[in-house]
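In what follows, a single structure is set out as structure tokens and then discussed.
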Amino acid sequence: MKSWPPLRFRCQVGHAYTSDTLAAESEGSVDEAMRVALRIIEERVTLCEKMADDARRSGRDAAAAANTWRVDEGREHAETLRRAILGKTTGAADEVEDA
Numbered sequence: 004m005k006s007w008p009p010l011r012f013r014c015q016v017g018h019a020y021t022s023d024t025l026a027a028e029s030e031g032s033v034d035e036a037m038r039v040a041l042r043i044i045e046e047r048v049t050l051c052e053k054m055a056d057d058a059r060r061s062g063r064d065a066a067a068a069a070n071t072w073r074v075d076e077g078r079e080h081a082e083t084l085r086r087a088i089l090g091k092t093t094g095a096a097d098e099v100e101d102a
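Counting from 4, one number per residue, gives the positions in the sequence shown under this note's numbering.
Have a look at this one:
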């Protein structure tokens, strides 16, 4: 049986990675990006809730409605992203159990 050298990749800085190491590091980056995106969406929902309340109190019904729509949309996006994050976590745990 012939042994092949592992695939190697270099980043723009010049660091060398095997394919397994690069895959693991990029997976961690994706997970972190998803969590950051979720936090940003949740913060936007909170901001839009406050803006909708302020608009309602000052009689700006159109602005209140627009911000309420943004709140609803943000909550939907956050829930979708949360399910994706939990699915990745659950999927990884299932893979470990299957091994």
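Glycine included, every Cβ here is placed at the ideal spot set by N, Cα and C.
Between alanine 67 and arginine 78, the C-beta gap is not smaller than 9 Å, which leaves the two residues out of contact.
Spatial neighbours of arginine 47 in its own chain (CB-CB distance under 7 Å, excluding positions within 5 residues in sequence) are listed in chain order as Gly77.
In the three-state reduction of the DSSP assignment, arginine 63 falls in the coil class. Taking C-beta atoms as the reference points, leucine 84 and leucine 41 count as a pair closer than 9 Å. The criterion of a C-beta distance shorter than 9 Å is not satisfied by alanine 87 and methionine 54.
In this structure isoleucine 44 is buried. Its beta-carbon is surrounded by 16 or more other beta-carbon atoms within 10 angstroms.
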